[in-house]
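Presented below is the structure to which this report refers.
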Ligand SMILES: O=c1ccn([C@@H]2O[C@H](COP(=O)(O)O)[C@@H](O)[C@H]2O)c(=O)[nH]1
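Numbering (my numbering), first residue to last: 2 to 236.
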């Protein structure tokens, strides 16, 4: 089923049963889904089969960061599982990303998108300073995204606050996946660099990751439907 929406719902649940219960309420034409560290660790690869069986395209968000050989093997396994998108950390460096991109090119029957995480949306300037990075989040995102592009990545994970800058710098085809999406008035939680769904799309994001604002809402479908409508009204 072709998905009409840029929204990717983060299924951050502690059990397979809860994630499947949520997925069954969602419509694969209205969103994709994201499987992250919590769900994959508890449910294992079986969750991918379950969600594929429900018709969803899956972003496997495990943010691989290891030596080149290990990461290349991990992204290969993800592609063979048929996921729509998988990611690595750009800070793993050029050789790690190039080796992974080359490994995926060997799998001719899959078109899995390979993207790289730049600066987590939960981090601000002070968090970066504490780990020895003394430039603004925007400057560091730009540096890592440029490295990711020249290392063969299809795109990056960044905050929507950097989407306009990256779109101008790296071109409109370089895929920008932006978590930290918060409808107006929603709880910010641990996210630091946020934007609303419509703002993020207007800024040049291609895909919007939304977790708790949808999954923890009293009416998750109403929040998703409103976000899709807000985005559609931009056209
Ligand atoms: O920089 C990043 C990279 C990944 N994430 C993931 O996206 C979702 C966001 O969930 P919310 O509940 O909407 O905050 C979550 O699974 C993160 O692991 C991110 O937030 N920022």
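Note that beta-carbon positions come from the ideal geometry of N, C-alpha and C, so glycine has one too.
Here DSSP, grouped into helix, strand and coil, assigns residue 116 to strand. Beyond the five residues adjoining it in sequence on each side, residue 96 comes within less than 7 Å, by CB distance, of 69 in the same chain, given in chain order.
Within the chosen limit of 7 Å, ligand 1 reaches the beta carbon of residue 182 through at least one heavy atom. As summarised for the segment 127–177, the continuous beta strand (DSSP E) elements at least 3 residues long and confined to that stretch are 156–158, given in chain order.
Around the Cβ of residue 8, a 10 Å sphere holds 16 or more other Cβ atoms; the residue is buried.
Segment contact: the segment 142–157 against the segment 174–182, three or more CB-CB distances shorter than 8 Å; contact assigned.
For residue 11, the shortest C-beta to heavy atom distance toward ligand 1 is below 7 Å. Residue environment analysis places residue 26 among the exposed positions, since fewer than 16 neighbouring C-beta atoms fall within 10 angstroms of its C-beta.
Secondary structure at residue 28: coil, using DSSP grouped into helix, strand and coil. At a cut-off of 7 Å, the beta-carbon of residue 35 counts as near ligand 1: some heavy atom of the ligand is closer than that. Using a 10 angstroms sphere on the CB of residue 45, the tally of other CB atoms stays under 16, which defines it as exposed.
Residue range 47–54 is occupied by the alpha helix (DSSP H) that includes residue 53. For residue 210, the CB falls within less than 7 Å of some heavy atom of ligand 1.
Within the same chain, Cβ atoms closer than 8 Å to the Cβ of residue 49 are found at 36, 59, 61, 82, 83 and 84, the five residues on either side in sequence being excluded. At least one heavy atom of ligand 1 sits closer than 7 Å to the Cβ of residue 192.
One thing to note: residue 20 has its Cβ no nearer than 8 Å to the Cβ of residue 4. Counting of Cβ neighbours within 10 angstroms places residue 15 among the exposed residues, the total staying below 16. For the segment 63–112, the continuous beta strand (DSSP E) assignments of 3+ residues that do not extend past its boundaries occur at 86–90, in sequence order. Residue burial annotation: residue 106 is exposed, with fewer than 16 other C-beta atoms found within 10 angstroms of its C-beta. Annotated three-state conformation of residue 23 is helix, per DSSP.
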